[in-house]
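Colleague:
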Amino acid sequence: MIEVLYGPTPNGWKVSIMLEECGLPYEIRPIYLSQGDHLTPEFLAVSPNNKLPAIIDHAPLGGGPPLSIFESGAILLYLAEKSGKLMPNDVAGRYGVTQWVFWQMANLGPVLGQHGHFFLYADDKIDYAIDRFRGETKRLYGVLDRQLEKTGAYVAGDDYTIADIAIFPWIMTHKAQTIPIADYPRVQAWFTKLRGREALQRGLAVGKDLYKNGPPQSPEMRRRIFGIGAGKD
Ligand SMILES: N[C@@H](CCC(=O)N[C@@H](CS)C(=O)NCC(=O)O)C(=O)O
901 MIEVLYGPTP NGWKVSIMLE ECGLPYEIRP IYLSQGDHLT PEFLAVSPNN KLPAIIDHAP
961 LGGGPPLSIF ESGAILLYLA EKSGKLMPND VAGRYGVTQW VFWQMANLGP VLGQHGHFFL
1021 YADDKIDYAI DRFRGETKRL YGVLDRQLEK TGAYVAGDDY TIADIAIFPW IMTHKAQTIP
1081 IADYPRVQAW FTKLRGREAL QRGLAVGKDL YKNGPPQSPE MRRRIFGIGA GKD
């Protein structure tokens, strides 16, 4: 059984979607960011960067003691290897997918995350930061659009893979972030196609109301998330 240290966020959904798509048994362990659950020594032992998601596989591939993995990209690669699904077997195909998983991890996620932070959540609206991350967000949508124009069907070619799963939850944020997805017609068509997948919808529904019904954010956590006072010492 795979234990998932989880919250319903774009990075968490990558894992819940993948688990629903590949059919491996799992159990959710809710982590309330609002309460600082991700800062506890117990959580840090599994995920030393203080972030969701993480997994503990109690029956790991290859046997041995429980295996814990943090970073959603690494988790997707592991689940693909364990299930034998959503990743090609040939070298060219495998790295065709891997490079787009890394692109998401190093570019799309961090940049859209920062855009969301400055544009939606920060009390202080700093034009420089918003423009900087909005411009970069649009550039990345353009990169994805050109890639989908080349491949036609899915991000890394004819087949649906973990590259699509890594990217989809971040493109879901386009409405909230007011990114005009219609300006990127191949991204829009790909997004609509993926949205229709039943397993993906089940993945998105996992723990849907956890944060809505969970404990409210403490003032201390808000200070931490917005970095108030950070970097001054
Ligand atoms: N690169 C990491 C990013 C993880 C991440 O940023 N997780 C967010 C939730 S989506 C988080 O735990 N934030 C808590 C914090 O920043 O304190 C991954 O993809 O796993």
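The sequence shown begins at 901 in this note's numbering and counts up one residue at a time. Note that CB positions come from ideal geometry on N, CA and C, so glycine has one too. Here the structure is a predicted model, which is why all the values come from computation and not from measurement.
Quick one: grab the DSSP three-state call for Asp971.
Modeller: Residue identity check: residue 971 is Glu in the sequence provided, not Asp. Coil at Glu971, not helix or strand.
Colleague: Can you check DSSP and say which residues form a bridge with Asp957?
Modeller: Answer is Ile902 and Leu967.
Colleague: Determine the extent of the beta strand (DSSP E) in which Tyr926 is found, giving its start and end residues.
Modeller: Run containing Tyr926: Tyr926 to Pro930, per the beta strand (DSSP E) assignment.
Colleague: DSSP beta-bridge partners for Phe1054?
Modeller: Note that residue 1054 is Tyr in the sequence shown, not Phe. Its beta-bridge partners are Gly1057.
Colleague: On the DSSP letters alone, give me the boundaries of the alpha helix (DSSP H) that Gln999 sits inside.
Modeller: Segment Val991 to Trp1003, the alpha helix (DSSP H) holding Gln999.
Colleague: Measure the CB-CB distance between Leu979 and Leu924 and report whether it falls below 8 Å.
Modeller: Yes, Cβ-Cβ distance for Leu979 and Leu924 is below 8 Å.
Colleague: Mind checking whether the beta-carbon of Thr909 lies closer than 7 Å to any heavy atom of ligand 1?
Modeller: Flag set: Cβ of Thr909 near ligand 1.
Colleague: Which stretch, first to last residue, makes up the alpha helix (DSSP H) that contains Arg1095?
Modeller: Pro1085 to Arg1095 is the extent of the alpha helix (DSSP H) around Arg1095.
Colleague: Between the C-alpha atoms of Gly996 and Phe1033, what's the straight-line distance to the nearest angstrom?
Modeller: The straight-line gap from Cα to Cα measures roughly 27 Å.
Colleague: When the Cα of Leu1110 is compared with those of Leu1044, Ile902 and Tyr906, which residue comes out closest?
Modeller: Nearest C-alpha to Leu1110: Tyr906.
Colleague: Report the three-state DSSP secondary structure of Met987 (helix, strand or coil).
Modeller: Met987 falls in the coil class under three-state DSSP.
Colleague: Among the residues of its own chain, which have a CB less than 6 Å from the CB of Ser983, if the five just before and after it don't count?
Modeller: Result list for Ser983: Cys922 and Leu924, in chain order.
Colleague: For Lys1075, does the three-state DSSP call read helix, strand or coil?
Modeller: Coil, per DSSP.
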